[in-house]
Amino acid sequence: MDPVIIEKGTVLRLLQHLKRDKSSCSDDIHPRIMKAISDEIAEPLAILIDMSLRQSRRPRDWKDAIISPVYKAGSRDLVSNYKPVSLTSAVVKLMEKIIRISVINYVEGQSFLQGTTWFSEKAYLA
């Protein structure tokens, strides 16, 4: 697989499609703000994400997460009825989405999973 290419246009498109109703992430940057200033931050973010991937390193702040228990079902008194949900950096989520899309495109292009149904749901995975 070729290295993942990070382009300003891809980052801009992903920023513009952020869900406004999501909560702030571990970096305290609300998706609504990122979406509003997407034209200004797309290129610097593309450069930052590209550098991170090329150097195989992430800034320390990108590793932070806020972990919250989310109720599933059953008695609210039982710890086993909760699942942990991690709120991570919005920039990390963008980077993960770009990588996920690249992997999906690569696998589909190689026909590794031809005939399977779960992998053809590109929109679901991306």
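Going by UniProt numbering, the sequence shown opens with residue 1, and the numbers climb by one from there.
Every residue gets a Cβ at the ideal spot worked out from N, C-alpha and C, and that includes glycine.
message: Here's a check: name, in chain order, each residue in its chain whose Cβ is nearer than 8 angstroms to the Cβ of Leu45, leaving out the five neighbours to either side.
response: If you number the sequence shown from 1, residue 45 lands on position 45. For Leu45, where only same-chain residues beyond five positions count, the Cβ hits under 8 angstroms are Val11, Leu15, Val91, Leu94.
message: Tell me the DSSP secondary structure of Ser68 in three-state form.
response: Along the sequence shown, read from residue 1 onward, the residue named residue 68 stands at position 68. Ser68 falls in the strand class under three-state DSSP.
task: Can you tell me the Cβ-Cβ gap for Ile6 and Asp50, rounded? I've got them flagged as a contact below 8 angstroms.
output: Position 6 of the sequence shown, counted from the start, is the residue given in the question as residue 6. Position 50 of the sequence shown, counted from the start, is the residue given in the question as residue 50. 4 angstroms between Cβ atoms; contact.
- request: Throw me the rounded Cβ distance for the Ser86 and Ala65 pair, which I believe falls under 8 angstroms.
  value: The count along the sequence shown starts at 1 and reaches residue 86 at position 86. The count along the sequence shown starts at 1 and reaches residue 65 at position 65. Confirmed, Cβ separation roughly 4 angstroms.
- prompt: Taking the Cβ atom as the reference point for each residue, do Ser38 and Trp62 lie within a distance shorter than 9 angstroms?
  reply: Within the sequence shown, residue 38 is the residue found at index 38, counting from 1. Within the sequence shown, residue 62 is the residue found at index 62, counting from 1. No, Cβ-Cβ distance for Ser38 and Trp62 is not below 9 angstroms.
- request: Starting from the C-beta of Lys22, find all residues in its chain whose C-beta is less than 6 angstroms away, skip the five residues before and the five after it, and write them out in chain order.
  value: Numbered from its first residue, the sequence shown carries residue 22 at position 22. Around Lys22: Pro31.
- prompt: Can you list, in chain order, the residues of its chain whose CB lies under 7 angstroms from that of Lys8, leaving out five sequence neighbours each side?
  reply: By one-based count along the sequence shown, residue 8 stands at place 8. For Lys8, same chain residues with a beta-carbon under 7 angstroms away, outside a window of 5 residues either side, are Ala42, Glu43, Ala46 in chain order.
- request: Give the DSSP-derived three-state secondary structure of Tyr124 in the structure shown.
  value: Within the sequence shown, numbered from 1, the residue matching residue 124 stands at position 124. Model confidence at Tyr124 stands at a pLDDT of 49, short of 50, so the residue's coordinates are unreliable; what they give is reported in the following sentence. Tyr124: helix per DSSP, three-state reduction.
message: Tell me the DSSP secondary structure of Lys63 in three-state form.
response: Start at 1 with the first residue of the sequence shown, and residue 63 comes out as number 63. The answer is helix: DSSP assigns Lys63 an H, G or I state.
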